[in-house]
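Worksheet: one structure, shown below.
Numbering (our numbering), first residue to last: 8 to 282.
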């Protein structure tokens, strides 16, 4: 049996302060050296995920942007991506605009992963988010509304008050895959809009096929991990996970602040040395 092990990052593999525990890093590197096929599936981009995992020997493609894309962990290059049809991208953008909002749009432009923002249309929380990512080479300030749809658009996100975002969510939830909730670290309200058939689950299946694996074992903590849990052969929720994720999990493991994923895998390989 060739098994692919996939972990969510924030709230699962990472501690509550957004760092990777030294014990987790040492355990996982030891298991990877012994042949464990390990990757991660995150709402983050590869550009923001990789620095948090410095020293972790991830060599497999990784699942980023909530499953919209597969990327190389080291180079951050997008390997595969699910993009919006132009008509759908226009509908998404127009929905935000009709409710007085200007989302951040993510696209492949001239083969590069870029995100486009309009500074004067960002609220305080959204502008703080943009500022935190200005140094990674993806930022693209725009001044025209339609420039937001340049390139092959694959992801929209907007940070604002719940009352402003909810009508957009209601407008788009049937034609797109939407994640609507509070950020794990800041408590700010986010709306993320993906192509309808993009998910951690779909990318996990692609990665499984790419690597010739027979089985997926995954780990998570939040609602956006549900699709991945549904297609996995085994799925484990950390102790701090949402109740609805725990309800469908194969089992509950230790919390993210106590190296839950790594300690589970260490024990798992003692009983399944040939996976």
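Every residue, glycine too, gets a C-beta built ideally from N, C-alpha and C.
Predicted model only: the values in this text are computed from it and were never measured.
Proximity to residue i [Cα-Cα], best of the options
| i | options | result |
| --- | --- | --- |
| residue 190 | 77, 51, 29, 243 | 51 |
| residue 159 | 223, 114, 14, 82 | 114 |
| residue 265 | 193, 153, 14, 21 | 21 |
| residue 109 | 129, 201, 121 | 129 |
| residue 126 | 262, 43, 149 | 149 |
| residue 11 | 27, 19, 69 | 69 |
| residue 201 | 214, 194, 220, 181 | 181 |
| residue 97 | 253, 183, 277, 219 | 183 |
| residue 205 | 263, 90, 13, 23 | 90 |
| residue 119 | 67, 157, 95, 24 | 157 |
| residue 107 | 208, 175, 276, 92 | 175 |
| residue 169 | 136, 161, 132 | 132 |
| residue 47 | 28, 19, 24 | 19 |
| residue 220 | 44, 24, 40 | 44 |
| residue 162 | 74, 212, 248 | 74 |
| residue 153 | 143, 193, 145, 100 | 100 |
| residue 233 | 207, 275, 212 | 207 |
| residue 179 | 103, 275, 277 | 103 |
| residue 60 | 240, 177, 30 | 30 |
| residue 230 | 124, 248, 239 | 248 |
| residue 147 | 135, 136, 122, 134 | 122 |
Own chain residues within Cβ distance below 7 Å of residue i, not counting five before or after
| i | result |
| --- | --- |
| residue 71 | 49, 51, 52, 53, 56, 78 |
| residue 172 | 165, 187, 196, 198 |
| residue 85 | 76, 78, 115, 120 |
| residue 62 | 32 |
Residues sharing a beta bridge with residue i, DSSP
| i | result |
| --- | --- |
| residue 120 | 115 |
| residue 196 | 189 |
| residue 47 | 14 |
| residue 26 | In DSSP, residue 26 forms no bridge with anything. |
| residue 230 | Per DSSP, none; premise fails for residue 230. |
| residue 222 | 10 |
| residue 165 | 198 |
| residue 242 | 225 |
| residue 71 | 76 |
| residue 148 | 124 |
Cβ-based burial, residue i [other Cβ within 10 Å; buried from 16]
| i | result |
| --- | --- |
| residue 167 | buried |
| residue 279 | exposed |
| residue 8 | exposed |
| residue 105 | exposed |
| residue 58 | exposed |
| residue 209 | buried |
| residue 14 | buried |
| residue 26 | exposed |
| residue 139 | exposed |
| residue 17 | buried |
| residue 88 | buried |
Residues of its chain near residue i, where Cβ-Cβ distance is below 6 Å and the 5 sequence neighbours each way are ignored
| i | result |
| --- | --- |
| residue 65 | 80 |
| residue 250 | none |
| residue 273 | 34 |
| residue 143 | 54 |
Chain D within 7 Å of residue i, Cβ atoms only
| i | result |
| --- | --- |
| residue 182 | This model lacks chain D altogether; it includes just one protein chain. |
Cβ shell of residue i (< 8 Å), same chain only, five flanking positions each side left out
| i | result |
| --- | --- |
| residue 260 | 226, 243, 244, 245, 246, 267, 268, 270, 271 |
| residue 41 | 276 |
Cβ-heavy atom distance, residue i to the ligand ADP, below 6 Å
| i | result |
| --- | --- |
| residue 276 | Judged by which ligands are present, the structure shown has none, so any question about the ligand ADP falls away. |
contact_flag[the segment 256-273, the segment 28-42] where n(CB pairs < 8 Å) is 3 or more = Below 8 Å, enough C-beta pairs join the segment 256-273 and the segment 28-42 to call them touching: three or more.
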